[in-house]
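Beneath this line is the structure, given in structure tokens, with notes to follow.
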Amino acid sequence: MTFIVNDNCIRCKYLDCVEVCPVDCFYEGANMLVIHPDECIDCGVCEPECPVDAIVPDTEAAAVKWVSFNREYSEQWPNITRKRDPLEDADDWKDVKDKMAHFDAAPGTGD
Ligand code: SF4
Ligand code: F3S
Numbered sequence: 017m018t019f020i021v022n023d024n025c026i027r028c029k030y031l032d033c034v035e036v037c038p039v040d041c042f043y044e045g046a047n048m049l050v051i052h053p054d055e056c057i058d059c060g061v062c063e064p065e066c067p068v069d070a071i072v073p074d075t076e077a078a079a080v081k082w083v084s085f086n087r088e089y090s091e092q093w094p095n096i097t098r099k100r101d102p103l104e105d106a107d108d109w110k111d112v113k114d115k116m117a118h119f120d121a122a123p124g125t126g127d
């Protein structure tokens, strides 16, 4: 199994998740993160850290479709391991659902 990041992260990118990951398997896009499914050791410690519930185990049916998406972008985007400030208007987007129309495939800066 693995944990994945879903579209709740888009335009928020709170980054509370990255520092707790023991294997540093988060990768940064311009406006969201993903988890590399083959690197995640399924420890689950990141899941409760996310304020918008964007991190979900793929044992939940709704998460299965996100595994290939997380794999695809984790192989293109830089690794991120340290928390920075969230996106400036993150709080305006935290209650918005179905945010794929706002997805930006450009890489983030990583660290
Ligand atoms: Fe990292 Fe554990 Fe979260 Fe997987 S479940 S991304 S290993 S903190
Ligand atoms: Fe995204 Fe939640 Fe992490 S908003 S950056 S998955 S803390």
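When you line the sequence shown up against my numbering, it's residues 17 to 127, in that order. Where is the CB? At the ideal position from N, CA and C, for every residue including glycine.
Does the ligand SF4 have even one heavy atom less than 7 Å from the beta-carbon of residue i?
i: residue 69; result: no
i: residue 58; result: yes
i: residue 51; result: yes
i: residue 61; result: yes
Contact check, residue i vs residue j under 8 Å by CB: the rounded distance?
i: residue 122; j: residue 46; result: 4 Å
i: residue 51; j: residue 21; result: 6 Å
i: residue 126; j: residue 95; result: 6 Å
Check whether the Cβ of residue i sits closer than 7 Å to any heavy atom of the ligand F3S, and report yes or no.
i: residue 115; result: no
i: residue 21; result: yes
i: residue 37; result: no
Which residue's Cα is closest to the Cα of residue i: the options?
i: residue 119; options: 18, 76, 28 and 17; result: 28
i: residue 100; options: 19, 23, 44 and 18; result: 44
i: residue 93; options: 31, 49, 83 and 24; result: 49
Quick one: grab the DSSP three-state call for residue i.
i: residue 50; result: strand
request  = Pair every Cβ in the region 52 to 63 with every Cβ in the region 27 to 39, then say whether three or more of these pairs are closer than 8 Å.
outcome  = Yes: the two stretches touch, three or more of their Cβ pairs being nearer than 8 Å.
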